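Residue 1 is where the first sequence starts when you use my numbering, and the numbers rise one by one after that.
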Amino acid sequence: MAKEKPSIPKGTRDFGPQEVAKRKYILNTIEKVFIKYGFMPIETPTMENLSTLTGKYGDEGDKLLFRILDSGETLEKIRNSKFEIRNQNEFNNLIAEKGLRYDLTVPFARYVVMNRNEITFPFKRYQMQPVWRADRPQKGRYREFWQCDADVVGSDSLLHELDLINIYQEVFKGLCIDVEIKINNRKVLAGIAEVVKGIEHLNTIAVAIDKLDKIGKEGVSKELTELGFTISEIENLFDIITIKGTEAEMLEALKLKLQNSFEGLVGIEELAFIFKNINSSTNEPTNLKTDFSLARGLSYYTGCIFEVAAMEGSLRSSIGGGGRYDNLTGIFGLDGVSGVGISFGLDRIYDVLEELKLFPETLSQGSSKVLICANNSIENIELAPVLQLLGKLRNEGIASEIYTEKINVKKPLEKPIKYASSKKIPYAIIYTENETLKLKNLETGFQEELSMEEIIERLQN
RNA sequence: GUGGUUUUAGCUCAGUCGGUUAGAGCGCCUGAUUGUGGUUCAGGAGGUCGUGGGUUCGAGCCCCAUAUUCCACCCCA
1 MAKEKPSIPK GTRDFGPQEV AKRKYILNTI EKVFIKYGFM PIETPTMENL STLTGKYGDE
61 GDKLLFRILD SGETLEKIRN SKFEIRNQNE FNNLIAEKGL RYDLTVPFAR YVVMNRNEIT
121 FPFKRYQMQP VWRADRPQKG RYREFWQCDA DVVGSDSLLH ELDLINIYQE VFKGLCIDVE
181 IKINNRKVLA GIAEVVKGIE HLNTIAVAID KLDKIGKEGV SKELTELGFT ISEIENLFDI
241 ITIKGTEAEM LEALKLKLQN SFEGLVGIEE LAFIFKNINS STNEPTNLKT DFSLARGLSY
301 YTGCIFEVAA MEGSLRSSIG GGGRYDNLTG IFGLDGVSGV GISFGLDRIY DVLEELKLFP
361 ETLSQGSSKV LICANNSIEN IELAPVLQLL GKLRNEGIAS EIYTEKINVK KPLEKPIKYA
421 SSKKIPYAII YTENETLKLK NLETGFQEEL SMEEIIERLQ N
């Protein structure tokens, strides 16, 4: 049989013990805050029916869905198909009816609709699971990555927006990352579109100005010119989105600009409410900034939208995002349920913490606290006492192991101690032929002869 | 989907104009330093040069295809 070089699919990664410890540290930090704010966990399947997923993320999103090939007589099915297959997409739909989930929000909406009778609204759930996108991998972008979402459905109250912003603030403070939380409102964007050229241009304008950070004023105006916008329309647009000042001043100035847009004024009111109350429930000042050029791609947002970026480090893209969607469950047949949610990008947060060296050092410790080194080269050595000690240590909840491999007779302790130090096990118990026990602290090198009880006592601290 | 980039020892990487037996550092293994991590010394193992074709007397190096890495665009966490 030919030997095969092992590999994993493009854009996926293995995680070793150290990496898992770091990822769990992030997950735990996030989860604790979610729970503190009254959110309950749910989990949904890795795969969803494609009918659940398609059409929710736009044309671009549909292309990025991983489809799961149907099992069974697919060929027969195609042969019997009365329809002419006109393109790849139609073919794909014939041979696949399931797909890997693309985010956690759409499966959640599906869950809410299917369980609407059991759920008490407003329903606050969190969910931390991997999602898959058939994107080209690059910096901060993976084909398999984890999202940590908290959403509230069944409430219009802006108090939830306040909670979610505070969750962002608390989590990133807990992780020691300096972040800027940007906020905007889809209704404000609608108002801007209305005033500048007409509400039907909302999406075009939103997509273009979202790039302002990246390609600058000139890039955006060039793009809009090519799309048929006049110079005065573009100037008018920039006058609005580049308003400067304190948050209150910006909102006042915008109010004048959007005085002819009812929807725009509603959006401004919502932002004003949030800024008025955001610092009331926490002692920490929140680094929340309005940014009228923030648009966010997903088309289902209808109210406030958020995006979080790290202030330091080379990762320019967002490490979190979210917003309000008034009718997400509508597409699954349940109207009038408003939702608002946020998402944390675990993998990007990991990259930021790694680059800025912000992981706590305690995470890199070994799994065991102590290694028992018994000289197994001596034929008649009595192992029962050390095995008994091992059991006692474990009963006390002290992570322990015994060195199991053949040792060098001349240097009976070399291998075990090398093993312990390379695995970052902090203590060794040395058991020799005269059947005494020594506890050695591998960090300081200090060792002393102790009884079994004394050893357990020392290791409990 | 578009454009670029990477791939050589376990790891990080050299490898000239296409020319004899493909190298270094680190790591690993064995031995010495007279019971225990380190240092030093001596020795050793380890390669289908990503894969498949092609050009050539001759390919790690040139050409084609393909996979893969990383990066930018699109889009997004």
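We put the CB at the ideal spot given by N, CA and C, even for glycine.
Keep in mind that this is a model prediction, so the values were computed, not measured.
1) Relative to the alpha-carbon of Val112, which residue among Tyr142, Glu97, Gly154, Gln138 has its alpha-carbon at the smallest distance?
2) Tell me the residue span of the beta strand (DSSP E) that contains Gly323.
3) Going by Cα to Cα distance, which pick from Ile319, Arg141, Thr54, Thr246 is closest to Ala96?
4) Pull the bridge partners of Lys182 from the DSSP assignment, please.
5) Among the residues of its own chain, which have a CB less than 6 Å from the CB of Asp103, if the five just before and after it don't count?
6) Alpha carbon to alpha carbon, what distance is there between Leu27 and Lys10?
7) In the DSSP assignment, find the unbroken alpha helix (DSSP H) run with Pro412 in it and report its ends.
8) Alpha carbon to alpha carbon, how far is Leu371 from Leu450? Give it in angstroms, no decimals.
9) With distance defined between alpha-carbon atoms, name the residue in Thr432, Ala310, Asp156 nearest to Arg348.
10) I'd like the list of long-range same chain contacts for Met1, defined as Cβ closer than 6 Å, with 5 residues on each side in sequence excluded.
11) If you draw a straight line from the alpha carbon of Glu269 to that of Lys36, how long is it in whole angstroms?
12) Can you find at least 3 beta carbon pairs, one from the segment 318-338 and one from the segment 205-224, that sit closer than 8 Å?
13) Does Met1 come out as helix, strand or coil in the three-state DSSP assignment?
14) Among residues of its own chain, excluding the 5 on either side of Asn461, which ones have a beta-carbon nearer than 8 Å to its beta-carbon?
15) Expressed to the nearest angstrom, what Euclidean distance is found between the alpha-carbon atoms of Phe238 and Asp291?
16) For a minimum of 4 consecutive residues, which ranges assigned as the alpha helix (DSSP H) are wholly contained in the segment 118-174?
17) Expressed to the nearest angstrom, what Euclidean distance is found between the alpha-carbon atoms of Gly38 and Leu353?
18) What three-state label does DSSP hand Glu382 in the structure shown?
19) Which stretch, first to last residue, makes up the alpha helix (DSSP H) that contains Lys32?
20) Please report how far the alpha carbon of Leu442 lies from the alpha carbon of Ala428, in whole angstroms.
21) Nearest CA to the CA of Ala399: which residue from Lys369, Lys424, Gln388?
22) Mind the definition here: the segment 169-178 touches the segment 280-290 only if three or more C-beta pairs lie below 8 Å; say whether that holds.
23) Measure the beta-carbon distance from Leu437 to Arg458 and round it to whole angstroms, keeping in mind my assumption that it falls under 8 Å.
24) Can you say whether Ala150 is buried or exposed, counting buried as having 16 or more other CB atoms within 10 angstroms of its CB?
25) Beta carbon of Leu315, beta carbon of Ile305: below 8 Å?
26) Which same chain residues, not among the five before or five after Leu227, have their C-beta less than 7 Å away from its C-beta?
27) When the Cα of Asp178 is compared with those of Lys5, Thr282, Gly313, Ala109, which residue comes out closest?
28) Sort Glu448, Val220, Ala374 by Cα distance to Leu413 and report the nearest one.
29) Which ranges would you report for the beta strand (DSSP E) in the segment 238-300 if only whole runs of at least 3 residues count?
30) Starting from Val106, trace the beta strand (DSSP E) in both directions and tell me its first and last residue.
31) Taking the alpha helix (DSSP H) that Ala208 belongs to, which residues open and close that run?
32) Alpha carbon to alpha carbon, how far is Leu271 from Asn49?
33) Applying the criterion that 16 or more other CB atoms from any shown protein chain within 10 Å of the CB defines a buried residue, is Phe145 buried or exposed?
34) So Arg143 packs on Thr12, CB below 8 Å; how close in whole Å?
35) Check whether the Cβ atoms of Arg186 and Thr46 lie closer than 8 Å to each other.
36) Should Ile278 be labelled buried (16 or more other beta-carbon atoms within 10 Å of its own) or exposed?
Once the coordinates are examined:
1) Gly154
2) Looking at the DSSP string, the run of the beta strand (DSSP E) that includes Gly323 is 320-325.
3) Thr54
4) Lys289, Glu307
5) Val131
6) Looking at the two C-alpha atoms, the distance is approximately 24 Å.
7) Note, Pro412: premise wrong, no alpha helix (DSSP H); not H, not E.
8) 15 Å
9) Closest by alpha carbon: Ala310.
10) For Met1, the pLDDT reaches just 38, beneath the cut-off of 50, and the residue's location in the model is therefore unreliable, leaving the point undetermined.
11) 29 Å
12) no
13) Residue placement at Met1 is poorly supported in this model, since its pLDDT is 38, which falls under 50; the coordinates are not used for a value here.
14) none
15) Distance between the alpha carbons of Phe238 and Asp291: 12 Å.
16) 159-174
17) Computed Cα separation, rounded: 27 Å.
18) coil
19) 17-36
20) One alpha carbon belongs to Leu442, the other to Ala428, and they sit about 7 Å apart.
21) Comparing Cα positions, the closest option is Lys369.
22) yes
23) 11 Å between Cβ atoms; not a contact.
24) buried
25) no
26) Thr204
27) Closest option to Asp178, Cα to Cα, is Gly313.
28) Selected option, being the one with the closest Cα: Ala374.
29) 288-290
30) Here Val106 belongs to no beta strand (DSSP E); instead the alpha helix (DSSP H) covers 105-114.
31) It spans 202-209 - the alpha helix (DSSP H) in which Ala208 sits, taken as one unbroken run.
32) Rounded to whole angstroms, Leu271 to Asn49 spans 37 Å at the Cα level.
33) buried
34) 6 Å
35) no
36) buried
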